[in-house]
Amino acid sequence: MATTQERICDGFEAQDMAFVHLHNHTEYSLLDGHTHIYDMVRRAADLDMPAVAVTDHGVMSGVPQLCEMCDKVEAETGKRVKPIYGCEVYFTTDEELRKDVKPKLYHLLLLAKTNEGYHNLVKLVSESHVDNFYYKPRTTFSMLQKYGKGIIGSSACIAGIIPKLLDNRQFDEAVAWANKFASCFDPGDFYIELQNQGVRTDAGFTQTELNHMLTDVAKAAGLKTIATNDFHYLTKEDAKAQDYLLCISSGAAVNDTNRLRFENDQFYMKTEEEMREALKDFPEACDTTVEVAEKCDVVLERDSILPRFPLPEGETEESWFRKRVQEGLVKCYGEPVPPEAQERADYEMGIIIQQGFPAYFLIVQEYIEWARSQGIGVGPGRGSAAGAIVAYAMGITALDPLSNGLLFERFLSPERVEMPDIDVDFEQGRREEVINHIKDVYGEDHVSQVITFGTLQAKNAVRDAARVMDYPYGVGDRICKMIGDELGITIDKALDTNPDLKKAYETEEDVRVIIDAARSIEGHIRGEGVHACATIICRDPMSDHVPMKRDTKGGGIITQYDGHYTPDLGLLKMDFLGLRTLDVLTMACRNVERRFGTKIVPEEIPIDDEKAFALMRSGNMDGLFQVEGALYVGLFSRLPPTRFSDIVASIALNRPGPLESGMVDDYVKVASGKTAIHYYDERLRPILEETYGTMVYQEQIMQISMAMSGFSAGKADKLRKAMGKKKLDVMRALQEDWNTGAVENGYSLEIAKQIWDDAEKFAKYAFNKSHSAAYAILVMRTAYLKAHYPNDFMAAVLSSYMGNTDRLIRYISSCNHNGTPVLPPDINSSNAEFTPTDDGIRFGLVGVRGVGANVAEAIIAEREANGPYTSLHDFVNRLDAKCYNRKTLEALIKGGAFDSTGYTRKQLMYFVDETPLLESASKRQKDRDRGQVSMFDLFADDPDSGFEEEVPKPDGVEWPKRQLLSYEKEIMKIYVSDHPLRPYENAIARMTKYQLGDLAERTKEIKSAVFVGMISNVVTKLTKRGTKMATFTLEDTTGHIEAICFKYDENAEAIQEDAIVKVKGKFEHNDRGNQIMAFEVEAIELSDADARPSHLELRVPMADFDQAKSLRLNRILRSYPGRDGVVLFVQQNDGHKFRAELPVSVDSRSPIMRSELQELFGTQVWRAS
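Here it is, written out as structure tokens:
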């Protein structure tokens, strides 16, 4: 571990300095400061100012970045800029910290002078946020007295209490406060601050006049003055950009007259000459900044402050760590432990102990063991930690690194001393329980979640810039569409790569103005949030080391430092991730046990189950972890998985980089035998054999460098990182060793160079095998459960997405198409969540509108205690009347929950609306509450029998089917028992090649296409041009999507609720989601003739139909099961056609199947009819 002498920042020699900026605001003064910290430090170096401070409003978030940027600038320029850490706090005279009136707050500048002062400032800022926040984080005088040691203070800007008192001509009070403040700090460590940006005070004084008064206060109190500029942006030219940020913050427009704004453009990082000119009457104030900078000498230390692991008596961290690992080795490998496993474990333990990390592993093992003891699902591993046999032995991961060829050095290397990073997946619904357990073990104030900062990316910057300059929404939206959807794209890159955008920028003034404004704010912090999974565990209370605050949304306590910097400060950052798949596995196993009495433990599910592989080869992968979706269906059709390593490789390959590079196509050709396997040298076969001679994993590049060139494991990891990040200088240095080592080991220089070139190319796309293999285990667990227990598994999947309409539509459609029908809820067979039955899956009771968890639990509890409900009347009389009302019954009836009682839904609603059913049930409940029992309760075997027969029956048997389905959607937000369009799926497939459900995850634009579906949720409104537009939902049996039609008047007749339409338009994927821009909407009529069963016709020339293609055709057709027949026509050489009805039924709508057929035969050979 690094020692206290290994500093992030060293001191500096300040004797040549003449001025230092001590009061400065960066982008961490959210949407107020425009300054990037790197730019600030670089400008300080360029101006020969060897120190600079960060003093953001109420926070210290920029402190670690200031430290890092000072190091970076020194490396670039050779000039050391000393970092000074501070904060401009909000001071209140209200010691009671009342929260019944808006507080009067003043600015006060605080700088950390010593390490003790830094820690005191951290504690003060934390307390102001965590305990005293009201409108702003508040600091009181008593807090200054408590924490003032080692801190330098100053009176701040004209918003400080001393300037405010002078502005009110209260000189004596100002002097009194100066003396009070000075008493809080070490002698000589409180200063009176002078500024002159050319603004006036509330009373009309110029800043020069105010500065003379402030100087008088300093003399009266025996204090010195300092000069600052309170800069919020770097250069005068940045004033306009900072004003944009203020407008974004306040929701105002630039041209609004009554809004927050700075009075001029003087709040920038001025040169020493400019500062002396602005404060020419007070030269000593500039000189004193040198004195303050010399005083400040804070070292941020890297000593590890890992929490102390609670050890058994007589054990050290090292001894207990070794014992736990050895116990695990015996459990995993048996006794005696195989030499290979023991040697690997001893090697890993040696490095872990040498680097001081045994406690880290013990901490992780403890909370994983606790989670499992509580029945909380834990993932098999994530990231490079799966390459450590120590992690496997301790139960932290579930993957044997020896049999799977995983490398420890990909995780931790003797040549790379940095904190380990073990991320752990837990059930999403129970993740908080694990974090609470950590708090119980180590102390609540020792544990914290981590802040995150969201920056203005290209398109958000454009939208914000257009809005604050009062342009219509469509103007900014048009620019955003030209920027495109490339992840992380910048405006400059978009201008370089998109000719349309560049042309618009050069020829349209509005576009140029918006883009220039957007560029000036792009990349700046826009807001803050809470990291989804990062948690800090500290040996001491968190506020001893890191400034804390409350999450503005949830109220939880979080760090003010971004998680990127916490390891550099010696803090232990753990990632506790919530993974929905683990919830699904737990629910599915529970379903199986309830129904069959078979207890399945997810960790014991085999990873080589043939039925699971067959399921994936069939394409029926909805609900499976990681591999659901069109991309994997297509990949598994081309490369059918037959072994675990195929799944591992598919996860590594099926990513944008490999797909776009053609790497996947090359891999498939080799794996399928179309291209010969090439191992470069037979000695490398063991490394490349499982991936057919292709470098798919980062570990393979490392292994080749070790086997061929004699690299150490640490050096191999260095090469892996350099290639992945294109560090050309590091790569050049290593390439010579690569070639030399290869030749020394008997490889030809030509082969070495060829492998280097290929490795360099593949490194860009190569994937972490440890992560891929760990996640492949989850793929196999989900595939096993779906293959063997489809109803139980899919019920768990549906339950996990309760409330997510898009997902429910998709999965319900998938279930119905794959022989697992989803049935309406039922009071006698539905549980709270989706419930597997022999006939399919019952909709969960809590999914019915108006039936919450408490009501569902009451229904189930009564049913389990006293048997099934026999009728509606039986239900209302047995259930506590407080649990339901008329709306509850209506929802259950219309959702189909009482269908099993033998009455139609229309009849049941008649009983509710036209009979005293509810009134009598309510009276009976009141009698029970008073302890009275009716005669019927005493003497009737079934007091409710015959009730329904005695009342008049409603006219008609049932509502029309369309109305039934409409009620279902109203009550459950989706169609359940059927879909109005399901009879016409084949007819719709002939009109469009797109299923709306497939568009949910699509990111590629479709410029012109036809989409078919049913309209709902129509909303019309006027555009800024005064024309009418409409938005609506377009839905088919697979899903739905939002559509926008700006030509409403031309399409008004077709855009009606429940209308079935054909939409000609464009599909777009943007930052607001996926949508269709409708150019033309045409109503269509679907008749009974359209509902007839269809079949798929395949017309293939005899020349194209050999045995290999016949086998491939058979596999493709069986991969897409459905209800449509298949007729094969083979065109023979003599002109005759051979016709055969194939013994298979397919989903003829599947676009993936169609594309595979086209790929097989080279042209479109299918026709749905």
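Under the numbering used here, the first residue of the sequence shown is numbered 3, with each subsequent residue one higher.
Even for Gly, the Cβ is constructed at its ideal location relative to N, Cα and C.
What you are looking at is a predicted structure, and each value in this text was computed from that prediction instead of being measured.
Once the 5 residues before and after tyrosine 969 are set aside, which same chain residues still bring their CB inside 8 Å of it?
Around tyrosine 969: Lys896, Gly897, Arg907, Trp961.
Give me the Cα-Cα distance between glutamate 78 and serine 251, rounded to the nearest whole angstrom.
The straight-line gap separating the alpha-carbon atoms of glutamate 78 and serine 251 is approximately 35 Å.
Could you tell me if glutamine 1160 is buried or exposed, where buried requires 16 or more neighbouring beta carbons within 10 angstroms of its beta carbon?
Classification for glutamine 1160: exposed.
Buried or exposed: where does glutamate 1158 fall if 16 or more other Cβ atoms within 10 Å of its Cβ makes it buried?
Glutamate 1158 comes out buried.
I need the boundaries of the beta strand (DSSP E) containing arginine 1, first residue and last residue.
Residue 1 lies beyond the range of the chain shown here (3 to 1171); nothing can be said about it.
With a cut-off of 8 Å, do at least 3 Cβ pairs link the stretch 258–273 to the stretch 481–490?
Two segments are said to touch when three or more pairs of C-beta atoms, one from each, lie closer than 8 Å; by this definition the stretch 258–273 does not touch the stretch 481–490.
Would you tell me roughly how many angstroms separate the C-alpha atoms of proline 688 and histidine 680, rounded to the nearest one?
Each residue's CA atom was taken as its position, placing proline 688 and histidine 680 some 12 Å apart.
Starting from the Cα of valine 124, find the closest Cα among Ala178, Asp169, Thr57, Asp611 and give me that residue.
Per the Cα distances, Thr57.
By the DSSP assignment, the alpha helix (DSSP H) with cysteine 249 in it spans what residues?
Taken as a continuous stretch (DSSP letters only), the alpha helix (DSSP H) holding cysteine 249 covers 241–252.
What does a CB cutoff of less than 6 Å around isoleucine 491 pick up in its chain, not counting 5 residues either side in sequence?
Its chain contains Ala460 as the residues whose beta carbon lies nearer than 6 Å to that of isoleucine 491, once the 5 sequence neighbours on both sides are disregarded; these appear in chain order.
Quick one: grab the DSSP three-state call for tyrosine 87.
Residue state, collapsed to three classes: strand.
Which residue wins for smallest C-alpha separation from asparagine 806, given the options Ala789, Gly1041, Ala834?
With distances taken between Cα atoms, asparagine 806 lies closest to Gly1041.
Which of the three DSSP states, helix, strand or coil, is assigned to tyrosine 369?
Here tyrosine 369 sits in helix by DSSP.
Do isoleucine 378 and glutamate 434 come within 8 Å of each other at the CB atom, strictly closer than that value?
Note that the C-beta distance between glutamate 434 and isoleucine 378 is not below 8 Å.
Which value, in whole angstroms, describes the spacing of the CA atoms of leucine 881 and alanine 860?
If I take the Cα positions, the gap works out to 7 Å.
Spatial distance of asparagine 213 from arginine 202 (CA atoms):
Approximately 11 Å between the Cα atoms of the pair.
Of the residues Glu320, Leu617, Ala222, Asp174, the one placed nearest threonine 1121, counting alpha carbons only:
The sequence as given places serine at residue 1121; threonine does not occur at that position. Ranking the options by Cα distance to serine 1121, first place goes to Leu617.
Since isoleucine 523 contacts alanine 467 with CB under 8 Å, what's their CB separation in whole angstroms?
Contact between isoleucine 523 and alanine 467 holds: CB atoms are separated by about 7 Å, below the 8 Å threshold.
For the putative contact between methionine 544 and histidine 448, defined by C-beta atoms under 8 Å, what is the C-beta separation to the nearest angstrom?
At roughly 6 Å, the Cβ-Cβ gap stays under 8 Å, so methionine 544 and histidine 448 are in contact.
Exposure label - proline 608; buried when at least 16 CB within 10 Å
Exposed, because fewer than 16 other Cβ atoms sit within 10 Å of the Cβ of proline 608.
Cβ neighbours of alanine 789 in the same chain (closer than 6 Å, five flanking residues each side left out):
So the qualifying residues of the chain are Lys613, Ala614, Leu617.
Would a C-beta distance cut-off of 8 Å place leucine 68 and proline 85 closer than the cut-off?
Contact: yes.
Which listed residue (Thr903, Asn879, Phe913) has its alpha carbon closest to that of lysine 925
It is Asn879 whose Cα lies nearest to the Cα of lysine 925.
Spatial neighbours of alanine 519 within its chain, please: CB distance less than 7 Å, with the 5 preceding and 5 following residues excluded, ordered by chain position.
Take alanine 519, set aside five residues on each side of it, and the residues of its chain with a beta-carbon closer than 7 Å to its own are Tyr246, Ala467, Met471, in chain order.
Count the CB pairs spanning the stretch 365–375 and the stretch 737–751 that are closer than 8 Å, and state whether there are at least three.
With the cut-off at 8 Å, the stretch 365–375 and the stretch 737–751 do not touch.
On the DSSP bridge assignment, give the partners of glutamate 195 in chain order.
Ile228.
What does methionine 1016 pair with, by DSSP beta-bridge criteria?
The partner list for methionine 1016 (beta bridge, DSSP) reads Glu1037, Ile1062.
Tell me whether threonine 261 sits in a helix, a strand or coil according to DSSP, three-state version.
Just to set this straight, residue 261 is arginine in the shown sequence, not threonine. In the three-state reduction of the DSSP assignment, arginine 261 falls in the coil class, being assigned neither a helical nor a strand state.
With a Cβ-Cβ cutoff of 8 Å, do threonine 561 and isoleucine 453 count as a contact?
Threonine 561 places its beta carbon less than 8 Å from that of isoleucine 453.
Counting only the same chain and skipping the five closest in sequence on each side, list residues whose C-beta sits under 7 Å from that of threonine 457.
Only Gly525, His526, Ile527, Arg528 meet the Cβ criterion.
Whole-angstrom Cβ separation of proline 1123 and asparagine 793, contact assumed at under 8 Å?
In fact, because the Cβ distance is near 16 Å, the residues do not count as touching under 8 Å.
Of all the options Arg44, Met351, Val132, Gly336, which has the alpha carbon lying nearest to the alpha carbon of aspartate 553?
It is Val132 whose Cα lies nearest to the Cα of aspartate 553.
Measure from the alpha carbon of alanine 778 to the alpha carbon of each residue in Pro382, Thr273, Lys763, Gln965, then state which is nearest.
If we check each option's Cα against that of alanine 778, Pro382 comes out closest.
Between leucine 1130 and leucine 1162, which are expected to be in contact by the criterion C-beta below 8 Å, what is the C-beta distance as a whole number of angstroms?
About 13 Å; that fails the 8 Å criterion.
Give the secondary structure of alanine 834 by DSSP, where H, G and I count as helix, E and B as strand, and everything else as coil.
Here alanine 834 sits in coil by DSSP.
Burial state of alanine 184 (16 or more Cβ within 10 Å)
The residue is buried, with at least 16 neighbouring Cβ atoms inside 10 Å.
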